[in-house]
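Taking it in order: structure first as structure tokens, then the write-up.
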Amino acid sequence: MQDFDVGFLSTLMSFGISSGASSSGLPDMNTLMFVNCAYYSGDLGEGSNYLSADSYVPIFSSDFSYIPKKGGIVMMGAYQLEDPDDYSGETPMAILKITTDNKVIFEDDITAYFPDPIVEKVRGFSYQSSFKIEAKRLNLTDSMGLQLYQTMIIGYR
655 MQDFDVGFLS
665 TLMSFGISSG
675 ASSSGLPDMN
685 TLMFVNCAYY
695 SGDLGEGSNY
705 LSADSYVPIF
715 SSDFSYIPKK
725 GGIVMMGAYQ
735 LEDPDDYSGE
745 TPMAILKITT
755 DNKVIFEDDI
765 TAYFPDPIVE
775 KVRGFSYQSS
785 FKIEAKRLNL
795 TDSMGLQLYQ
805 TMIIGYR
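In our numbering, the protein residues as written are 655 to 811.
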């Protein structure tokens, strides 16, 4: 996994790619595919689902039709974990599991992946052919949901 500064995506989009050829050594737009997952957030595109306590629930994966199939880098900047039916004041907790190319690369409390809820630091991982992000809740009720934000994929066409 890789951490990126907050301005990484903006800088890459502003200076790293030009139409046709690249001035920064990156492939041109005929080779790279940029997917801003917020565009698809209405159909679970940016990762959203209700969590189960018994088993992992898929949040986001390379199975979506618009995800680059020849490999890439998945970057996530933030998340929201909430249970609107719970009024106990207890903090929602969940386990995040990330699998790339059939190998688990992260399985721990979601706060270990996103350690600071105030300072958003983009976290990323690469994949060759497939990835899967799953989660399960550790407390509260079945109305607990997880939403990923600031999610982007740079992959090969």
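Every residue, glycine too, gets a C-beta built ideally from N, C-alpha and C.
Model, not experiment: these values are computed from the prediction.
Spatial neighbours of residue i in its chain, beta-carbon cut-off 7 Å, leaving aside the 5 residues before and after
i    : result
D740 : L794 and T795
A707 : K790 and R791
S715 : F785, K786 and I787
D770 : none
7 Å Cβ cutoff met for residue i and residue j
i    : j    : result
I727 : G778 : yes
P712 : M687 : no
Where residue i falls, given that 16 or more other Cβ within 10 Å makes a residue buried
i    : result
R811 : exposed
V689 : buried
D737 : buried
V776 : buried
M806 : buried
K809 : Position check: residue 809 holds Gly in this sequence, whereas Lys was assumed. Under this definition G809 is a buried residue.
Which listed residue (the options) has its alpha carbon closest to that of residue i
i    : options                   : result
M729 : S780, D770 and E736       : S780
M747 : I807, S797, T754 and C691 : S797
Y767 : Y704, V711 and Q734       : Q734
E761 : G725, S783, Y710 and Q782 : Y710
D755 : Q801, T685, L802 and Q782 : Q782
Boundaries of the alpha helix (DSSP H) in which residue i is found, first to last residue
i    : result
A748 : Not the alpha helix (DSSP H): A748 falls in the beta strand (DSSP E), residues A748 to T754.
Y767 : I764 to Y767
Same chain only: Cβ atoms within 8 Å of residue i, ignoring 5 sequence neighbours per side
i    : result
I759 : M655, I752, T753 and F779
D697 : In this predicted model, D697 has a pLDDT of only 46, less than 50, meaning its place in the structure is not dependable enough to derive any value.
Sequence-distant residues of the same chain with beta carbon closer than 6 Å to residue i, five excluded per side
i    : result
Q804 : G731 and A732
Y704 : G799
Extent of the continuous beta strand (DSSP E) to which residue i belongs
i    : result
R791 : F785 to R791
I727 : G726 to M730
F779 : V776 to Y781
P712 : V711 to S715
G743 : It is not in any beta strand (DSSP E) - G743 carries neither H nor E in the DSSP assignment.
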